[in-house]
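Have a look at the structure below, then the notes.
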DNA sequence: GTCGTTGCTGGTAGCGCTGTCAACGTTCCT
DNA sequence: AGGAACGTTGACAGCGCTACCAGCAACGAC
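This is how it looks when you write it as structure tokens:
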């Protein structure tokens, strides 16, 4: 209150400079590059800022310096557990830095992504994190022309825009099928929802592995564009069973679906893994706790987010990574739900996840 | 490329104005309040902007107008399913508006919250969404002094800072206990993790309801500060059973714990609900799909986020809500896991969630 | 002792946009 | 017809900060 528009008590850099007995520009430098100041001025500015409770005006800084300290993040979904892990990594890595995260949701639409990208780039972000490798040509052109570092996350592929961190969903799916073959399963169904590019590549991996073994049949695949859910897993599995009652394993494109399949098996009194094996994807926490424990593919989502943000921040500050493309690999976590066909179906009573055996398969680089 | 620092082809408002044959200020008005322009100028500016691909410079706008179009959101966790639903609502509501969301994670620390609040407020956000009602005195003072609308979400309580939207966790917990009493359960355990203020109030509600029936015993309560997980649900339930083997129901502070308890029962071959009833909290999607289907408390998380953001945006634009405190209520969704003690334990075979019966209990206003 | 070099500091001039206010043309009222 | 009221437009100044460059002192080399 009081004067109407006179900055209402706001502390500006000039005030700090005055109290510290230096010029505004010197005070400014303190916040951007303290090393450049003499020790005496540095401490003077520091204590003046503290005393006045100075907080820089980011808008003015952005306007004057022609760049922001914002990292734009484009992800397809906020609902998905997978992305919340990635996001947590991104936020954790950015927290100790000066950069703030600007999040936008493309809702799995590459056109929406293109629109958001245009908006983001106009604000000159310090860096950009985008999901996947399936941008529109227009988006790709904008990314190529952008004058900030960019990280593509979630998967790796040829021809990165800049940096890239992820793993091969295709190879991971092939590893799952290989594991199921090893355990004696032959008639392996595939259940997938929300067929985004990454799920599609998992399907491709499954198809190729099945074809390699001359075991592929189109009827073994049940997919839908509907967003994923546990309930949907049960429904899709029901469809699959109607088509192919003598199936002996189900590869689910994610863990929610796998849980839904497990419940549906319980409802139908189908023994797992005795009659049917189940494998999920992502290795969410509950997989190790289910009865029977559920086999899944561990992907390093938190690490992916965290590494992506660190790489990006380093690149923004001029420290380019040695390897701009980072394959984080995956691991098939073998649990009870997919153990060998011949084994009896009595679930082991040992603690959840006690007997996890892991097969590590970093997807092939490049 | 080309000129080094000359705005590298950036389109400014002045360019648009020139092409449209109007003054820059008129062009500016077009973007903020198109109604104020004559139709002819409006269309001229519109097409000029489109032709040039003009995107406003937000930093300049913020600097000149002394306010940003940023809504700050403070939540305690990114991991939690609960918050991802709320966030989705917030993002959905903000998407069609000019406001962008700035998210920060307090990690369940009110001191961290205070620090973030100070940072946020210094940037003059257009509005603020904060979680809960347990701020530090300092935070509270800052919120009271803030000159922007504020919404507190997740719960309701006395003495709102400004607007408030949520429900009574205390009443919800009492309703759960009442439901269990109705079904003939008496020895009801409580299992809770990450005892944040809202979980604490659920515990308080449970305790008061149990005391009202003279059935409360401290040994029935098992809690931990550890973050929640399905596995943890099994572990806490194991502890509870060790203390009180003849328990007949478990009220879990959230659904992950409930799922963990269910799996642990299956592992121990305890019939649900035949021997033990299970109730969760939040009604995540999988609850309706589990075998048996799991009773839970439905809270309108997505709606909470969406409504909070809409209310906030309306308030920012001068349209204050009629009722600044909004109780979204809750519903105890009765499912198989808590049906009457006397009933046999054969799970109904009907589709998941088919036989949901709902008891609606909007928590008492004020 | 002079010159160049380095390290630190300050002055000037905007960044792109909007708040304020004044001015204009038009319409409506009496 | 005269004036008020309204709707529409533009000029000016400045938001708070930083890029750029100049200046100054201190130091070492010759």
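Protein chains in written order, with our numbering: chain A, 32 to 397; chain B, 32 to 397. We put the beta carbon where it would ideally sit given N, CA and C, even for glycine.
- Look at residue 153 of chain B: its C-beta is under 8 Å from a C-beta on chain A.
- Contact between the stretch 48–58 of chain B and the stretch 69–81 of chain B is established, with three or more Cβ pairs separated by less than 8 Å.
- At least one CB atom of chain A sits nearer than 8 Å to the CB of residue 290 of chain B.
- As for any alpha helix (DSSP H) of minimum length 4 sitting wholly inside the stretch 153–209 of chain A, the runs are 168–176, ordered along the chain.
- A Cβ-Cβ distance of about 6 Å is found for the pair residue 287 of chain B and residue 260 of chain B, placing them in contact under the 8 Å criterion.
- Of the residues A:239, A:193, A:165, A:187, the one whose Cα lies closest to the Cα of residue 176 of chain A is A:193.
- Separation of the CB atoms of residue 222 of chain A and residue 284 of chain A is rounded to 7 Å, and the pair is thereby assigned contact status at 8 Å.
- By the C-beta density criterion, residue 240 of chain B is buried, having at least 16 other C-beta atoms within 10 angstroms.
- Residues of the stretch 58–82 of chain A with a Cβ closer than 7 Å to any Cβ of chain B: none.
- Within the stretch 245–265 of chain B, contact with chain A at the beta-carbon level (separation under 7 Å) is assigned to 260, 261, 262, 265.
- Residue A:116 holds the alpha-carbon nearest to the alpha-carbon of residue 314 of chain A among A:101, A:44, A:116.
- Inter-residue distance for residue 190 of chain A and residue 206 of chain A is about 24 Å (C-alpha atoms, whole angstroms).
- In the displayed model, residue 112 of chain B falls within a helix according to three-state DSSP.
- Under DSSP, residue 358 of chain B forms a beta bridge with B:197.
- Around the CB of residue 197 of chain A, 16 or more other CB atoms lie within 10 Å, so the residue is classed as buried.
- Between residue 282 of chain B and residue 310 of chain B the beta-carbon gap is near 5 Å, inside 8 Å, which marks them as a contact.
- Secondary structure of residue 299 of chain B (DSSP, three-state): helix.
- The beta carbon of residue 92 of chain B lies closer than 6 Å to none in the same chain, with the five residues before and after it left out.
- Per the coordinates, the alpha-carbon of residue 305 of chain B lies some 9 Å from the alpha-carbon of residue 279 of chain B.
- Restricting attention to A:184, A:69, A:58, the CA atom closest to the CA of residue 104 of chain A is found in A:184.
- Along the stretch 291–303 of chain B, the positions whose C-beta sits under 8 Å from a C-beta of chain A are 291, 294, 297, 298, read in chain order.
- By the rule that beta-carbons nearer than 8 Å mark a contact, residue 109 of chain B touches chain A.
- The beta carbon of residue 195 of chain B sits closer than 6 Å to those of 183, 187, 356, all from its chain and outside the five residues before and after it, given in chain order.
- At a cut-off of 8 Å between beta carbons, residue 119 of chain A contacts chain B.
- By the criterion of at least three beta-carbon pairs nearer than 8 Å, the stretch 118–126 of chain B is not in contact with the stretch 81–98 of chain B.
- Apart from the 5 residues on each side of it in sequence, residue 232 of chain A sits with its Cβ closer than 6 Å to the Cβ of 200, 201 in its chain, given in chain order.
- Taking 8 Å as the upper bound on Cβ-Cβ separation, chain A lies near residues 316, 317, 319, 320, 321, 322 of the stretch 315–328 of chain B.
- Ranked by how close their Cα comes to the Cα of residue 214 of chain B, the residues B:47, B:366, B:56 have B:366 in first place.
- Its Cα nearest to that of residue 238 of chain B, the residue B:220 stands out among B:129, B:224, B:220.
- With respect to residue 150 of chain A, residue 94 of chain B sits apart: the two C-beta atoms are not nearer than 8 Å.
- In this structure, residue 145 of chain A keeps its C-beta atom at 8 Å or more from the C-beta atom of residue 162 of chain A.
- Between residue 157 of chain A and the set A:142, A:180, A:224, the nearest pair of CA atoms involves A:180.
- Nearest in C-alpha terms to residue 266 of chain B, of all of A:320, A:258, A:225, is A:320.
- Nearest CB-CB separation between residue 47 of chain B and chain A: not below the 8 Å threshold.
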